[in-house]
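To start, the structure itself, in structure tokens.
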Amino acid sequence: MQRSTPTPKKSFGSRNGASHSEDNSVTSSPVALEFRAPQKEYSYRLSFYSDPPPPDAEIDLEEFQEWAIDRVQVLDALDSCLTSAPSEIERTMRPVLSRYLPFTRHTNIKQTIDKELMKDNFSHYFLRLSFCQKPEDRKRFVKLETALFKLRYNLEPIEARAKFLNDLNLNWEKATPEEAQALEQEMSFSKLTDAPASSGAILYKFPMEDCMDLLGKRLVIVKKGIAYVPETYQLNLLAREFSRSLTHALVQLSKKVPEFKEDGRLDGVLKLANEGFTNVEEAADFQITANTQLTYKSLDSLEKENHLPLCMSRLYDNLKKTKHAYYSERNQFLRFLKYIGMPLEEAIKLYSAFYMDYDKKKDIEYSIKHWYGVVGSRKTYQPETCVSICKNSEYNIPNRASGCPFFNCQSDVLERLLRNHGIQDEQGIQEIKRFSDENQVHLACSKTYELTHPKDNTKHESVSLPNQYFERSWNSAIAEQQNHQQNTESSQTTAEK
Amino acid sequence: MDIQKYYETLFPYRQFFLWLNHAAVPTRDFTHREFAFTVLNGQGSDIYVRYQSFPTIETFKRKVAMLTPKRFEIGAVYTAKPSDHKLVSPEKYVAVNKELVFDLDLSDYDSFRTCCQGKQVCLKCWQFVVVAMDVLGAIFDLDFGYKHILWAFSGRRGVHAWVCDTRARSLDDSQRGQLLNYIQVTQKYEKGKLVINRPWHPSVQRSFDICKVKFDQIVLQDQNPWNTHANSSYLLNKLKQVNEALYAKLNEKWQEPSTSREKWMDIDQTAREIAAEGKLDTLGAKVLLETKQDIVLEFLYPKLDTNVSISRQHLLKSPFCVHPDTGNVCVPINPLTSRTFDPTKVPTLATLADSSILEPYLSVFKQFVTELNRSEKRPSSSLDF
Ligand code: SF4
Ligand SMILES: [Zn+2]
């Protein structure tokens, strides 16, 4: 094999690997952020983050970093589905949130709640530090945090939203009953999409410049420069306030950063903020398999020749069959494809060839580019390990083709998959199913490899990531071919003799 | 009168300065404002000189005297002096302020006017501009609450609108884009059919009402676009999409010569007939009504060059310039008499021998500028730069 397996350490995805302990300037001292704000109890899950972490908060640095990294995960996932419909964003993001930035409902344990709120607040402030300095970073951060805010707002129960809104004290001016009444006729004239036509509905008054997006869609009535905004759109307005105050705060903060640097107060944190994120992922050393310039069409033959591990062949079959791919399915497949050497254009072709839903194509193209690191955060995503695939709750949503089939399939489904995969050996199938029942996915997968690659008799360690499975299979095919050639050559030479 | 003399003696520099500067002493609104000149070089071809800026109106005037430009344009106010734009880094040279401008040109109406084409203009097709000014004027005033709108003849076959309210000047590009989305009604088509959400937004309804009143005179009578059977295919195609029976009947009927007005009336008449025969249901009748409404809007709704309005960096020809080809002065249009403005009778270099003919236009401009400056409550701190 031409390279070693990737170091699971430092991968963004796996929590166990999030250690940066090489840098001793930042280790093992609790991070105390010296902001001026008073200690405050976090009482909402929704937040404008107007209160920085209390200066006396003691938190383990490693945990702190981990929190920040988790938040980056959330923002990244959001970035790659931002153009989807709100319901799709919600579907995609729910599992991501519950994994990285959970808000446990139905719990009375104050400690849990406090910790979750603290994580939310701390990680937000940490990222402020790292994204405040360059205008384009600020813009992206504000965009994503605002999207996150909107998403969470929608996930909150109505009473919680109302309370939050009320306590925010935004002083939005309401139209007087007379004004509202005068507008009622016009409101019903224009079917302001699902605006409440009934009387008594609240209309907020805003300078039109403050709600140009609603204006541009002709969703509000404007009179003499004042827009009358139905309550339905209050989230738009709230989001606007949110991004405005965050932008402002970031600009203010960016001015202070040099000061912080000067007196060394935030050395450790800033260092992380500046360097940590960009370096973390690139540290892994998995190379793109160079000898495979794949076209999307070659996937069929790769599958036929058993080069794809079961998880990937399931994803591929599912794409062909359903002409659709959920975010998680795309995500998992693309990270694999990229590292077996499928160029970006081919990946795009693949999805446009099979994808039916035309409207979605643009989004998909975007998310493909995202995983290839050419748009969005432009990060280099490393191939995923089997462990992280299994642990990713997003992949394990029922009725999806994502994840590891040895981990998330009922045994009858798994059996069908194995037979489709070309395995007939009854005893083998039983053995694999047994491994799978015990969550011994590596063994199950290795057994699958063994059964589908009878000619490969090299001794292998067990499978630990799909790309390794592929490479093993690919290399063995090449070896066999060379062998074959040598054999024919030598037999030819013999014949000539 | 030659152009040099015009710029020396008649161009209203003082008001021009007050208009753009919003105060009596130079502010950034003037000193950091971009101007561009189009000048003739020795070989007789045009050169376009951008990034000009001036500390005072006198220096501006001297430059004009020196260059004798064919025309000049006004751009945005930047964070640095445009003449210094090469000396500062790009992020320090950003457009911050500019009048919200609109450009309306009759050449965009060519498929809707029969009297003239291309560069020509007459009083008949000018009425398209008049309606457009009415529609936009109502939006500016009633919807957006803008008070300071300078309308100026663009020198040949259109008008420019300069919305000068502080609120409008400080809109950024994306806000301008949204504002244009609000205004634009007739830009979205699907399968040859106009797409406008119904029921209409009250603003669209009002614009339609304005257009509808003028439709008979301007379109059916003056333009008479469907005077022959061959010319009527636009109309027939639309009707075909509504109802085959209606189409068949009218197609037959219109083989005989008739005017556009008669044809327009034929539609409802025939629709009633085929409805009586049970070939047009209520839904069909509704679609027919909407199609007719769409036609009114397609003909008369303002057709705007949106880029000019959206990008603050865009420059626009100044009022009181002389149009290089026609010799027309780009005079402001008096809002009170805009309906009777005659583009074929504006002052030209040739007629300006009698300089008094410029007077009324100068006084319109002066009044506009005075009102604008009265409304600008500029804090004195704006002078410290
Ligand atoms: S063990 Fe790994 S390679 Fe095998 S199917 Fe599961 S995820 Fe894929
Ligand atoms: Zn004409």
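Here the protein sequences come in this chain order: Z and A.
Residue numbers for the first sequence follow the UniProt record's numbering, so the first one is 1 and each next one is one higher.
Residue numbers for the second sequence follow the UniProt record's numbering, so the first one is 1 and each next one is one higher.
Backbone N, C-alpha and C define an ideal beta-carbon position, used for all residues, glycine too.
Between the CA atoms of residue j and residue i - distance to the nearest angstrom
{"i": "Ser301/Z", "j": "Leu308/Z", "result": "10 Å"}
{"i": "Tyr146/A", "j": "Glu241/Z", "result": "25 Å"}
{"i": "Glu90/Z", "j": "Leu148/Z", "result": "10 Å"}
{"i": "Phe128/A", "j": "Ile310/A", "result": "23 Å"}
{"i": "Cys125/A", "j": "Asn227/A", "result": "17 Å"}
{"i": "Asn3/A", "j": "Ser45/A", "result": "The question names Asn, but residue 3/A in the sequence shown is Ile. Near 17 Å, if we compare the C-alpha coordinates of Ser45/A and Ile3/A."}
{"i": "Ile149/A", "j": "Glu346/Z", "result": "54 Å"}
{"i": "Glu8/A", "j": "His314/A", "result": "27 Å"}
{"i": "Lys238/A", "j": "Asp266/A", "result": "14 Å"}
{"i": "Leu451/Z", "j": "Ile364/Z", "result": "35 Å"}
{"i": "His453/Z", "j": "Tyr316/Z", "result": "20 Å"}
{"i": "Lys303/A", "j": "Arg198/A", "result": "21 Å"}
{"i": "Leu10/A", "j": "Phe60/A", "result": "15 Å"}
{"i": "Leu165/Z", "j": "Tyr301/A", "result": "42 Å"}
{"i": "Ala139/A", "j": "Thr83/Z", "result": "Residue 139/A is actually Ile in this sequence, not Ala. C-alpha separation (whole angstroms): 32 Å."}
{"i": "Asn318/Z", "j": "Tyr355/Z", "result": "11 Å"}
{"i": "Ser328/Z", "j": "Val96/Z", "result": "10 Å"}
{"i": "Tyr293/A", "j": "Lys240/A", "result": "Before going on, a small fix: residue 293/A reads as Gln here, not Tyr. Cα-Cα distance, rounded: 16 Å."}
{"i": "Pro90/A", "j": "Ala80/A", "result": "10 Å"}
{"i": "Tyr182/A", "j": "Leu219/Z", "result": "9 Å"}
{"i": "Ala285/A", "j": "Ala276/A", "result": "12 Å"}
{"i": "Ser476/Z", "j": "Gln482/Z", "result": "10 Å"}
Same chain, Cβ closer than 7 Å to residue i, five either side skipped, listed in chain order
{"i": "Gln255/A", "result": "His229"}
{"i": "Leu334/Z", "result": "Ala347, Ile368, Trp371"}
{"i": "Cys409/Z", "result": "Leu417"}
{"i": "Arg176/A", "result": "Leu100, Ser309, Ile310"}
Residue i - DSSP class collapsed to helix/strand/coil
{"i": "Lys40/Z", "result": "Because Lys40/Z sits at a pLDDT of 39, beneath the cut-off of 50, its placement in the model cannot be relied upon, and the point is left open."}
{"i": "Glu156/Z", "result": "coil"}
{"i": "Asn279/Z", "result": "Bear in mind that a pLDDT of 30 at Asn279/Z, under 50, signals an unreliable position, so the number given afterwards is only what the model happens to contain. Asn279/Z falls in the helix class under three-state DSSP."}
{"i": "Pro202/A", "result": "helix"}
{"i": "Lys119/Z", "result": "helix"}
{"i": "Lys255/Z", "result": "helix"}
{"i": "Gly158/A", "result": "strand"}
{"i": "Val135/A", "result": "helix"}
{"i": "Trp151/A", "result": "strand"}
{"i": "Ile74/A", "result": "strand"}
{"i": "Arg33/A", "result": "strand"}
{"i": "Lys366/A", "result": "helix"}
{"i": "Arg50/A", "result": "strand"}
{"i": "Val242/A", "result": "helix"}
{"i": "Tyr316/Z", "result": "helix"}
{"i": "Asp114/Z", "result": "helix"}
{"i": "residue 524/Z", "result": "Chain Z is shown only over 1 to 497; residue 524/Z falls outside these bounds and no answer can be derived."}
{"i": "Phe112/A", "result": "coil"}
Own chain residues within Cβ distance below 6 Å of residue i, not counting five before or after
{"i": "Val195/A", "result": "Lys188"}
{"i": "Lys349/Z", "result": "Tyr296"}
{"i": "Val242/A", "result": "Val287, Leu288, Thr291"}
Residues of its chain near residue i, where Cβ-Cβ distance is below 8 Å and the 5 sequence neighbours each way are ignored
{"i": "Val222/Z", "result": "Met208, Leu215, Tyr228"}
{"i": "Ala353/Z", "result": "Tyr296"}
{"i": "Tyr100/Z", "result": "Asp70, Arg71, Gln73, Val74"}
{"i": "Val101/A", "result": "His160, Ala161, Trp162, Val163, Val308, Ser309, His314, Leu316"}
Proximity test, residue i beta-carbon vs ligand 4 heavy atom, cut-off 8 Å
{"i": "Tyr327/Z", "result": "Inclusion of ligand 4 in the displayed structure is not the case, the ligand content consisting of ligand 1 and ligand 2 alone."}
### Query
Three or more beta-carbon pairs under 8 Å between the region 338-346 of chain A and the region 34-42 of chain A, yes or no?
no
### Task
Count the CB pairs spanning the region 12-19 of chain A and the region 363-371 of chain A that are closer than 8 Å, and state whether there are at least three.
yes
### Near-chain Z residues of the region 129-151 of chain A (beta-carbon distance less than 9 Å), N- to C-terminal order
Asp141, Leu142, Asp143, Phe144, Gly145, Tyr146
### Query
Between the region 196-229 of chain A and chain Z, which residues of the former have a C-beta closer than 9 Å to a C-beta of the latter?
Asn197, Arg198, Pro199, Trp200, His201, Pro202, Ser203, Val204, Gln205
### Message
At a CB distance below 8 Å, what residues from the region 128-152 of chain Z approach chain A? Give them in sequence order.
### Response
Pro135
#### Entry: Within 8 Å of chain A by C-beta, residues of the region 211-231 of chain Z in sequence order
Met212, Asp213, Leu215, Gly216, Lys217, Arg218, Ile221, Val222, Lys223, Lys224, Gly225, Ile226
#### Entry: Members of the region 68-93 of chain A near chain Z, C-beta cut-off 9 Å
Glu91
### Message
Can you confirm whether the region 364-373 of chain Z touches the region 392-401 of chain Z when touching is taken to mean that 3 or more C-beta pairs between the two stretches lie within less than 8 Å?
### Response
no
### Within 9 Å of chain Z by C-beta, residues of the region 237-256 of chain A in sequence order
none
### Stretch-stretch touch, CB-based, cutoff 8 Å, three pairs: the region 382-390 of chain Z with the region 433-447 of chain Z
yes
### Message
Beta carbons nearer than 7 Å to chain Z: which residues of the region 181-193 of chain A have them?
### Response
Asn181, Tyr182
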